[in-house]
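Engineer:
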Amino acid sequence: MHRRKFIKLSSASAAGLTILNFPVFGKMAPSNKVVLSVMGVNSRGSYLAECFSKMPNVEIAYICDVEDKAIQNGLNALKNAPRKPTVVKDIRKLVQQKDFDALVVAAPDHWHAPAAILGVSNGKHVYVEKPCGHNPYEGELLTKAEAKFGKLIQMGNQRRSMPTLIQAVQEVRGGIIGKPYLGKSWYTNNRKSIGIGKKIPVPSTLDFDLWQGPAPRRDYQDNLVHYNWHWFWHWGTSETCNNATHEVDCCRWFLDAEYPTKVTSAGGRYAFKDDWQTPDTQIASFEFGNDKAITWEGRSCNNFPVEGSGRGFVIYGDKGSLINKGGSDYAIYDASNKLIKEVKSTAVVEAGNTLSASGNDDLFHLDNFLQSIRGAAKLNSPVSEAHKSVLLCHLANISQRTGRTLSCDASNGHILNDKDAMALWRRTYEKGWEPVV
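For the sequence shown, the residue numbers in UniProt numbering are 1 to 437.
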């Protein structure tokens, strides 16, 4: 507001005059308030709920979870929020509520696409954490849902909205390292054994039927909830979709690559003998015709760094290289390996390789989602684009599980001439729970 206008309005108020119809414009206008609901608030979801609640003109109306401790985590995360959220355990009932605009999905992977589809089919915009599906078929379903229902679906690959990395992509596209042709990505951790689980009665604090949702029913065991489901193919998607999604996505973004023509994977469960089914060690490669390739190295149980960092990526060109070490930082080297530019990260990669909220870099992606709902921006990672990166991770897993190199259709990523591999393109669903678009 201009100073003169402010003084005039203040003087009128002091004189006892009533000023009517003084509008509020911009992000803070009542019409621009975005009301959210968050599904899955044990860990990541409670973090997202807290972040969103602190952003201008945003309210969290509902939280949704099926376990009492997780619900309390969500409520604790929002204890200082101006609005106390209502708890709804069943996502099918939540999406029917009329008083919120968008659904945030941070439940286990097997729920990501079905919940997102429930959201958009009931008129809600959706922010869904990575991966955007338990299998390639679900990514395709979400792309169809995005088009059919006319609602926004943003995936949580937050690096797509980091200003420094957007700048870096522009520089690479501008030729600063010449022709980019290879992306190398990696992730390391020091995860412990999950042991051999025992089948026990479902805890009274957990609605295990709702937790399983679209997944065919299995017995409860004591090493599954809350986190170890990641390492079971029935519910999880391995370290590849859990973490490779971020850096593989960056490589594909920087290389301007679409669907692969060839995918290979080597690795296994090497560190421990336990219930963990997915690889703890995996080397995957993706070829895009004859001029581009991406590699990913994942080590879940040995955190010796690559290039001095627990996660990151390098883009190699014929005139230089660009390296990122996990946050929004990057450095560019010429063909003689001389440093020519360095941009420092505004975020901190803490123990466990989780982007720190203190750096605020996640907030760029959240704000992009909110501003797109308000009509002031376009999504940086619509699911139609994000699906292409998640598909690479799924294809790596399919190659790993079949023990074969996959030849793929460059127009859509479908596996060619391999019925056994293509059988893993989608899953079976619990009767009555199949996602439908």
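For each residue, glycine too, the CB sits at the ideal point set by N, CA and C.
Just the Cα atoms here: how many angstroms apart are A145 and I117?
Structural biologist: Cα to Cα, the separation comes out at about 7 angstroms.
Engineer: Per DSSP, D334 forms a beta bridge with which residues?
Structural biologist: DSSP output for D334 lists G320 as bridge partner(s).
Engineer: May I ask you to report which of helix, strand or coil DSSP gives S309?
Structural biologist: Here S309 sits in strand by DSSP.
Engineer: Looking at the structure shown, is N223 part of a helix, part of a strand, or coil, going by DSSP?
Structural biologist: In this structure, N223 counts as coil in the three-state DSSP scheme.
Engineer: Please name the residue in N122, V126, G289 and F286 whose C-alpha comes closest to that of I373.
Structural biologist: Closest option to I373, Cα to Cα, is V126.
Engineer: Mind reading off the beta-carbon distance from Y316 to L182? Whole number of angstroms is fine, and I expect it under 8 angstroms.
Structural biologist: Correct: roughly 4 angstroms between the Cβ atoms.
Engineer: Of all the alpha helix (DSSP H) runs that stay within the bounds of the segment 185-238, which reach a length of 4 or more residues?
Structural biologist: Counting only runs of 4 or more, we get 208-212.
Engineer: So, S46 versus N80, is the Cβ gap smaller than 8 angstroms?
Structural biologist: Taking 8 angstroms as the Cβ cut-off, S46 and N80 do not qualify as a contacting pair.
Engineer: Ignore the nearest five residues each way along the sequence and tell me which others in E50's own chain have a CB closer than 6 angstroms to its CB.
Structural biologist: A77.
Engineer: Which residue comes first and which comes last in the alpha helix (DSSP H) that contains K148?
Structural biologist: Start and end: P136 to F149.
Engineer: Compare the Cα-Cα distances from R401 to each of P180, D362, V41 and Q277 and report the closest residue.
Structural biologist: Looking at the Cα atoms, Q277 is the closest of the given residues.
Engineer: Say whether chain D places a C-beta atom closer than 8 angstroms to the C-beta of G298.
Structural biologist: No chain D appears in this structure, which consists of one protein chain only.
Engineer: Alpha carbons only, please: which of N412, D99 and A335 is nearest the one belonging to I177?
Structural biologist: Residue A335 is the option with its Cα nearest to I177.
Engineer: Evaluate T428 with the Cβ neighbour count: other Cβ atoms within 10 Å of its Cβ, from every protein chain shown; 16 or more gives buried, anything less gives exposed.
Structural biologist: Exposed, by the Cβ-count rule.
Engineer: In three-state terms, what does DSSP make of R426?
Structural biologist: R426: coil per DSSP, three-state reduction.
Engineer: Cα separation between N42 and Q154?
Structural biologist: Cα to Cα, N42 sits roughly 21 angstroms from Q154.
Engineer: Using CA atoms only, rank isn't needed, just tell me which of P216, L255 and S185 is closest to I248.
Structural biologist: A quick correction: the sequence has Val, not Ile, at residue 248. Looking at the Cα atoms, S185 is the closest of the given residues.
Engineer: Let me know if S411 comes out buried or exposed under the rule of 16 or more other beta-carbons within 10 Å of its beta-carbon.
Structural biologist: By the neighbour-count rule (16 or more Cβ atoms within 10 Å), S411 is not buried but exposed.
Engineer: Apart from the five residues just before and just after S285, which ones in its own chain have a Cβ nearer than 6 angstroms to its Cβ?
Structural biologist: The residues are T264 and T295.
Engineer: For the beta strand (DSSP E) that V104 lies in, which residues bound it at each end?
Structural biologist: Start and end: A102 to V105.
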